[in-house]
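Working notes, beginning with the structure itself.
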Amino acid sequence: MRLAQKTSVAVKLLALLSSHKNNKYTAEEIADRLKVSRSLVAQVVMELRRNHYVTTKTGKHGGISMLKDPQSISLTEIIQIFEADFALTRCLKHDHDADCIFPNGCPMKEIFTNALDKFFDVLSKATIDDLLDADFTP
């Protein structure tokens, strides 16, 4: 399992903004700090703004800043915004039940579903603020 680059950038971007609460950053500054393209940052910011995590302001005193308290943002929330499909296997998708080779139900389905539930349970307890407690230095 691997998170998409946008997910990783979103989490790091929120941590960066949260670590400097009174500052606003431009997309260019964030891209430089995170060592990613400005285009990728713009895409991530657009999605975070649409979901009310950040605000943007244009002009001389503009920039990107946090809207929500980092203590209230779980990692699960961010992952679910940026990850379109988290099924570990094709059989976890509801539209593939008919393809299953196990006539009495797939034993893997329950195992993988439990694993995903535990994965998201752990991440739902971790917040953006928790990342800052780990000596975060972007």
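Quick note, the working numbering runs 600 ahead of the 1-based positions in the sequence shown. From the three backbone atoms N, C-alpha and C, an ideal C-beta is built for every residue, glycine too.
query = Looking at I681 and N651, is the spacing between their C-beta atoms short of 9 Å?
reply = yes
Query raised in the report: Could you give the distance in angstroms between the alpha-carbon of S619 and the alpha-carbon of I673?
Result: 14 Å
Exercise. Just the Cα atoms here: how many angstroms apart are I728 and D632?
Worked result: 20 Å
Between the beta-carbon of A627 and the beta-carbon of A615, is there less than 9 Å? no
Exposed or buried, what is A610 when buried is set at 16 or more other beta-carbons lying within 10 Å of its beta-carbon? buried
In angstroms with no decimal places, state the Cα-to-Cα distance between D685 and F720. 14 Å
Coil, strand or helix - S637 by DSSP: coil
T676 and L667 look like a contact to me (Cβ under 8 Å); what is the Cβ gap, rounded to whole Å? Contact doesn't hold; Cβ gap of about 18 Å is too wide.
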